[in-house]
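Going by numbering that gives the first Met the number 0, the letters in the sequence shown line up with residues 0 to 279, in that order.
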Amino acid sequence: MILVTGATGGLGKLVVERLAGRDDVVAGTRSPQQAPAGVPVRHIDFDDPASMADGFAGVDTLLLISAGYGEDDVVIARHGAAIEAAEKNGIEHIVYTSLSAAGDHLAYALPHRWTERRLMGGSARWTILRNGLYAELLALFAVPDPEGRLTAPLGGGRLAAVAREDLADAAVRVVTSASSHAARTYELVGEEAIGGEDLARLLTEAAGTPVPFEPGTLAGAREAITASGAAAFQVPMLLSTLSAIAGGFMGATGSDLAGLLGRPPRSALDVITAAVHARP
């Protein structure tokens with residue numbers, strides 16, 4: 000039996016949708032009423048050990064979608080509890096969605112590396128999917144200011160952005176044949192390195208009028224993110240992402256993604272373009 004956690008979140012939901020109809024898959028979430036149709040659902044809350052004791056019963060392979068919504072200590076506690084419960088329930092293999100190696104400079108990298116180390120020292124077989132940053136994230140930054148400029152503080156940096164749907168496809172490939180991926184760590188980043196000038200060009204095409212790229216400062220971004228109502232812990236997460244891209248740490252392409260997919264990855268620029276055109 001395969002259990003997919005985080006079944007109502009972005010990546011987890013995409014994975015569950017792809018596995019719908021199989022009789023060896025269950026979805027785990029703390030909001031069962033919001034789970035996709037076609038897959039049995041169990042109530043699983045990483046903050047509630049009792050839910051995992053019941054929810055992990057009869058499971059052979061666990062796809063542990065990272066529970067990154069929280070401060071480092073909260074995320075580490077959640078992942079630690081999930082892995083401990085999986086081991087106690089005799090789960091044989093844990094597949095974990097981690098963060099790409101390039102992401103070591105990001106404010107949210109530590110819980111991912113802690114979880115990788117915990118898995119490698121545990122009793123279950125493991126596979127680590129080191130996911131790159133989503134193309135959908137760059138779409139969030141691709142918003143003109145009131146004067147019609149793109150001011151995201153990306154500098155001359157680029158991001159090897161990856162389509163979230165490709166990461167879901169890769170996770171399905173691995174979790175449905177987990178034994179052949181044991182003790183493997185896969186780097187999964189995009190094949191296009193996208194920067195501010197690319198986003199400005201895309202916005203220009205969408206708007207039909209020039210959108211110049213005039214990168215602002217991190218201080219300005221901090222003010223805007225804080226004013227948006229973001230949770231306190233999200234502010235350094237987003238700022239470190241912008242800073243790492245601008246600093247040139249996130250642009251390296253070339254990974255295991257195409258090999259896992261068995262096809263070329265989706266175009267990140269196409270994903271961003273679709274997101275921009277879908278805005279009201």
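Backbone N, C-alpha and C define an ideal beta-carbon position, used for all residues, glycine too.
All values reported here derive from a predicted model rather than from experimental measurement.
How many angstroms separate the CA atom of residue i from the CA atom of residue j?
i: Ala162; j: Thr114; result: 24 Å
i: Glu146; j: Ile244; result: 24 Å
i: Leu217; j: Gly228; result: 17 Å
i: Gly11; j: Leu238; result: 25 Å
i: Ala231; j: Gly67; result: 14 Å
i: Arg262; j: Thr252; result: 16 Å
i: Asp165; j: Leu201; result: 22 Å
i: Ala277; j: Gly121; result: 44 Å
i: Gly69; j: Ala274; result: 26 Å
i: Ala36; j: Ile224; result: 35 Å
i: Thr175; j: Leu18; result: 9 Å
i: Ala6; j: Met119; result: 24 Å
i: Asp103; j: Thr60; result: 27 Å
i: Glu86; j: Ala34; result: 25 Å
With H, G and I counted as helix, E and B as strand and the rest as coil, what does DSSP make of residue i?
i: Ile43; result: coil
i: Thr228; result: Reading the sequence as shown, one finds Gly at residue 228 and not Thr. Coil at Gly228, not helix or strand.
i: Leu198; result: helix
i: Glu204; result: helix
i: Arg183; result: strand
i: Val3; result: strand
i: Leu98; result: strand
i: Phe212; result: strand
i: Arg129; result: strand
i: Leu237; result: helix
i: Met249; result: coil
i: Val73; result: helix
i: Gly261; result: coil
i: Ala277; result: coil
i: Thr272; result: helix
i: Gly154; result: coil
i: Arg17; result: helix
i: Phe55; result: coil
i: Pro48; result: helix
Look at the Cβ atom of residue i, then the Cβ atom of residue j, and state whether they are nearer than 7 Å.
i: Thr4; j: Gly20; result: no
i: Ala169; j: Leu259; result: yes
i: Ala108; j: Leu98; result: yes
i: Leu63; j: Tyr95; result: yes
i: Ala177; j: His92; result: yes
i: Leu198; j: Ala220; result: no
i: Met51; j: Asp23; result: no
i: Ala134; j: Val270; result: yes
i: Val58; j: Leu2; result: yes
i: Phe248; j: Ala101; result: yes
i: Ile82; j: Arg117; result: yes
i: Val14; j: Val38; result: no
i: Gly195; j: Pro209; result: no
i: Pro110; j: Ile75; result: yes
What does DSSP give as the partner residue(s) for residue i in the beta ladder?
i: His92; result: Thr60 and Arg124
i: Gly27; result: Arg41
i: Ala160; result: Glu191
i: Leu281; result: The structure shown has nothing for residue 281, since the chain only spans 0 to 279.
i: Arg117; result: Looking at the DSSP assignment, Arg117 forms no beta bridge with any residue, so it has no partner.
i: Leu149; result: Phe212
Leaving out the 5 sequence neighbours to the left and right, which residues in its chain are closer than 6 Å to residue i when beta-carbon positions are compared?
i: Ser339; result: Nothing about residue 339 can be reported from this structure: the residues present for the chain run from 0 to 279 only.
i: Arg41; result: Val25, Gly27 and Gly54
i: Leu256; result: Leu187 and Pro264
i: Pro211; result: Arg148
i: Met236; result: Ala106 and Tyr107
Considering only residues of the same chain and omitting the five flanking positions on each side of residue i, which have a CB-CB separation below 7 Å?
i: Gly250; result: Gly156, Arg157, Leu158, Ala159 and Ala192
i: His180; result: Thr126 and Val173
i: Asp294; result: Because residue 294 is not part of the residues shown, which for the chain are 0 to 279, the question remains open.
i: Thr272; result: Leu201
i: Val234; result: Arg221, Ile224 and Thr225
i: Glu190; result: Thr252 and Pro264
For residue i, which residues in the same chain have their Cβ closer than 8 Å to its Cβ, ignoring the five residues on either side in sequence?
i: Ala182; result: Arg124, Trp125 and Thr126
i: Pro31; result: Val40, Arg41 and His42
Report yes or no: is there a C-beta of chain D within less than 7 Å of the C-beta of residue i?
i: Leu109; result: This model lacks chain D altogether; it includes just one protein chain.
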